[in-house]
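See structure below.
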Amino acid sequence: MKLKHFGVFLVGLAAVAAGLWMPMPAFAHGEKAQMAFLRMRSIHWYDISVSPTQVSVNDEVVVTGKFRPSAFWPGSLPEPVVSYLNIGVPGPVFVRMESEVNGVNMVNSTSFELGATYDFRVVIKARVPGRYHVHPVLHVEHAGPLVGPGIWVETSGNAADFKHEVTTLTGNVVDLEKFGFANVVSWHIIWFVLGLIWLVYWIFFKGRLFLPRYRRVADLGADADSMITRTDRNLAFAMLAITLVLIVFGFYRADSLYPNTIALQTGRIAVAPTPEPEKVVAVQLDHATYRIPGRSLTLNTTITNLSDGPLEISELATANVRFINDRVLDLQPLDSHDLVAPSGLNVTGGAIAPGETREIAITAADALWETHRLSRLIYDPDSRFAALLFFVDSDGERHVIEVSGPMIPTFES
Ligand SMILES: [Cu+2]
Numbered sequence: 109m110k111l112k113h114f115g116v117f118l119v120g121l122a123a124v125a126a127g128l129w130m131p132m133p134a135f136a137h138g139e140k141a142q143m144a145f146l147r148m149r150s151i152h153w154y155d156i157s158v159s160p161t162q163v164s165v166n167d168e169v170v171v172t173g174k175f176r177p178s179a180f181w182p183g184s185l186p187e188p189v190v191s192y193l194n195i196g197v198p199g200p201v202f203v204r205m206e207s208e209v210n211g212v213n214m215v216n217s218t219s220f221e222l223g224a225t226y227d228f229r230v231v232i233k234a235r236v237p238g239r240y241h242v243h244p245v246l247h248v249e250h251a252g253p254l255v256g257p258g259i260w261v262e263t264s265g266n267a268a269d270f271k272h273e274v275t276t277l278t279g280n281v282v283d284l285e286k287f288g289f290a291n292v293v294s295w296h297i298i299w300f301v302l303g304l305i306w307l308v309y310w311i312f313f314k315g316r317l318f319l320p321r322y323r324r325v326a327d328l329g330a331d332a333d334s335m336i337t338r339t340d341r342n343l344a345f346a347m348l349a350i351t352l353v354l355i356v357f358g359f360y361r362a363d364s365l366y367p368n369t370i371a372l373q374t375g376r377i378a379v380a381p382t383p384e385p386e387k388v389v390a391v392q393l394d395h396a397t398y399r400i401p402g403r404s405l406t407l408n409t410t411i412t413n414l415s416d417g418p419l420e421i422s423e424l425a426t427a428n429v430r431f432i433n434d435r436v437l438d439l440q441p442l443d444s445h446d447l448v449a450p451s452g453l454n455v456t457g458g459a460i461a462p463g464e465t466r467e468i469a470i471t472a473a474d475a476l477w478e479t480h481r482l483s484r485l486i487y488d489p490d491s492r493f494a495a496l497l498f499f500v501d502s503d504g505e506r507h508v509i510e511v512s513g514p515m516i517p518t519f520e521s
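First residue of the sequence shown? That's 109 in my numbering, and the numbers climb one at a time after it.
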C-alpha cells in the first residue's frame, strides 16, 4: 500500500462523507429571480393568508388564497397543463398535511385553465424551529416553480419533539418521521461496505491505477486482457453473486414483512375553476407607460360600469406586488417583506356611476417597482405586462379584472 494512494483515498472519502451528511442550506428562494414579464403574466396570487404566524413544533399552519393563471400567459413559458400545488420554504421545515384546490384533494398533479380563478387551501405542520418565509407555490411541468407572496412564520420549540403519526389502511400507527429509518441506514451500510471492498482491492492491492494502467492497455493493444488476473475475475464474480443474492433476499424480506402495499399514486386529477361571476365592468387599456425616474406605471383606460351601482378601483396587483388606493381601501403590510404599497395607487376621478363610460388614468407608483425588479420589464424581450385590477361596489363586494398590454417606458422626469 502506498501512502500517496492512501491520502487520495482519504480525501475522496471525506468528500463523499461531506456530501452525504452536510447538505448546503438554501438561503435565497429566488422571489425576484425570474424575469419580470414571466412573474407578471404567469400566476396572479391574491387574498393570501398564512395563519397563525407564531407556532411551536407540531402546530399546524393554514395557507389559503386564490390564484389565477394569466390569460396573457407568455408563449415562451409552458402552460400549467401538469401543475402541482406546494409550499415554498427553505428545506423540510414543515410537512404538508393536506392540500386542496376548489375542494378537490391535491395530492396529485392537475391542470389549470388560463384566465380562470381557483381557491386553494394547504395545511402544513411545523417541524423545525426557526423563522421561515412561507410561500404558496405552483410547480408547472417544464416551467418550474411559480412562487406566490411570502409571509414570515416563526416556529419555536424543540425539533426532537416533532411527531408525524399516521394510521395506515391496515390500522397500524406509524411515525413517518422515523418509519423505516433503521432499514434505510442498514441498506446504506451494506452497499457502502460492498463498494468499499471493491475500491480497497483495486486501490491498495493492485496499486498503479488509472493512468499507468491506461498506458499499459495502450501498449499491449489486443493483449490488454492479459492484465486481468484470475483473482480479479474471481473477486468480480463473487461481488456480482453477493449483489444479486442481496437484492433477491431484500425483495423477499420486504415482501414478507409488508404483504399489503399499494403503489405511489401518479395519476392526474381534474379540478373545475371557480364559476365566473357576472361581468360588471368593461376595461379597455388605451396605453400603458412606465416613467423610469418616478418608478410609476400609468394605465390610460376607458372603463364602463355595466352594473347598477357605483364602482371604485381599490387595488392593482401584479407579480405579488399590491398597489393600494388608500381612498378606497386601508391596508398595511403584514410584515417587513409583505409586498403592499398602502398608498401606491392613484386613480383619477371618483367612483364610476352605473352605466357610465369614462377615461381613467390609473397610476401605480412605488419603490417596489425597483426593489422587486419589475421595472426590468422594459429591458425584457417581451415588455408586455398583466395585472389584476380590483373594483369595489357600494356593498363592498369585489370584482377582479385582468388587464394586459405593452408597457412603453419614458425616460424623462
Ligand atoms: Cu420569501
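C-beta: ideal position from N, C-alpha, C; glycine also.
Heavy atom of ligand 1 within 7 Å of residue i beta-carbon
i       : result
Gly-258 : yes
His-395 : no
His-241 : yes
Glu-139 : yes
Contacts around residue i, its chain only, beta-carbon distance under 6 Å, and the 5 residues preceding and following it disregarded
i       : result
Leu-424 : Phe-431, Leu-453, Ala-472, Ala-495, Leu-497
Val-189 : Ser-219
Pro-441 : Val-448
Asp-501 : Gly-417, Leu-419
Ala-134 : With a pLDDT of 40 at Ala-134, under the threshold of 50, the modelled position of this residue cannot be trusted; read the value that follows with caution. Cβ within range, chain order: Pro-198.
Identity of the residue in the options nearest residue i by Cα
i       : options                            : result
Ile-516 : Trp-181, Tyr-360, Leu-407          : Leu-407
Leu-405 : Leu-485, Thr-382, Val-282, Glu-420 : Leu-485
Ser-191 : Ser-217, Val-169, Glu-478          : Ser-217
His-445 : His-480, Ser-451, Asn-413, Ser-164 : His-480
Val-245 : Val-391, Val-500, Tyr-154          : Tyr-154
Phe-145 : Ala-349, Ser-184, Ala-326, Val-274 : Ser-184
Ser-264 : Asp-340, Asn-210, Asp-488, Val-236 : Val-236
Tyr-358 : Pro-257, Asn-291, Val-242          : Looking at the sequence provided, one finds Gly at residue 358 rather than Tyr. It is Asn-291 whose Cα lies nearest to the Cα of Gly-358.
Arg-399 : Ser-512, Glu-520, Ala-362          : Glu-520
Glu-221 : Val-429, Ala-179, Ile-297, Ser-157 : Ala-179
Arg-59  : Ile-336, Leu-307, Pro-160, Tyr-309 : Here the chain has residues from 109 to 521 only, and residue 59 is not among them.
Gln-392 : Glu-467, Leu-254, Glu-206          : Glu-467
Val-212 : Arg-229, Ala-234, Asn-433          : Arg-229
Val-165 : Ile-421, Phe-270, Phe-300, Arg-492 : Phe-270
Arg-239 : Arg-323, Val-201, Ile-195, Glu-273 : Val-201
Ala-141 : Gly-252, Val-388, Ser-491          : Gly-252
Leu-379 : Met-214, Tyr-309, Glu-420          : Contrary to the premise, residue 379 reads as Val rather than Leu in this sequence. When only C-alpha atoms are compared, the closest one is Met-214.
Glu-386 : Pro-489, Glu-273, Ile-509          : Ile-509
Pro-462 : Leu-307, Ser-415, Val-242, His-272 : Ser-415
Leu-277 : Pro-489, Val-158, Thr-369, Ser-422 : Thr-369
His-507 : Thr-456, Ile-421, Tyr-487          : Ile-421
Ala-475 : Gly-457, Asp-488, Ser-451, Leu-348 : Ser-451
Ile-298 : Ile-259, Ala-362, Tyr-360, Thr-351 : Thr-351
Own chain partners of residue i with C-beta closer than 7 Å, once the 5 adjacent residues on each side are dropped
i       : result
Arg-147 : Ala-427
Thr-225 : Lys-174, Arg-176, Pro-381, Thr-382
Pro-131 : Any reading at Pro-131 is ruled out, since the residue's pLDDT is 40, under 50, leaving its predicted position unreliable.
Phe-343 : The displayed chain sequence assigns Leu, not Phe, to residue 343. Within the same chain, Leu-343 has close Cβ partners Tyr-309.
Val-455 : Ile-421, Asn-433, Ile-468, Ile-470
Residue i at chain B interface by Cβ criterion, 8 Å
i       : result
Gln-142 : The structure shown contains no chain B, having only a single protein chain.
Neighbourhood of residue i by C-beta, 8 Å cutoff - its chain only, sequence neighbours within 5 removed
i       : result
Ser-483 : Ala-144, Tyr-398, Ile-400, Arg-403, Trp-477
Glu-464 : Thr-412, Asn-413
Met-205 : Glu-168, Val-231, Ile-232, Lys-233
Ala-396 : Leu-405, Thr-406, Leu-407, Asn-408, Phe-493, Gly-513, Pro-514, Met-515, Ile-516
Phe-287 : none
Gln-373 : Val-215, Asn-216
Whole alpha helix (DSSP H) elements within the region 131-204, 4-residue minimum: 144-148
Contiguous alpha helix (DSSP H) assignments of at least 4 residues, all confined to the region 301-347: 319-328
Complete runs of the alpha helix (DSSP H) confined to the region 427-453 [at least 4 residues]: Entirely contained in the region 427-453, not one alpha helix (DSSP H) run reaches 4 residues.
Beta strand (DSSP E) runs contained entirely in the region 379-433, provided each spans 3 or more residues: 389-399, 404-413, 419-426, 429-432
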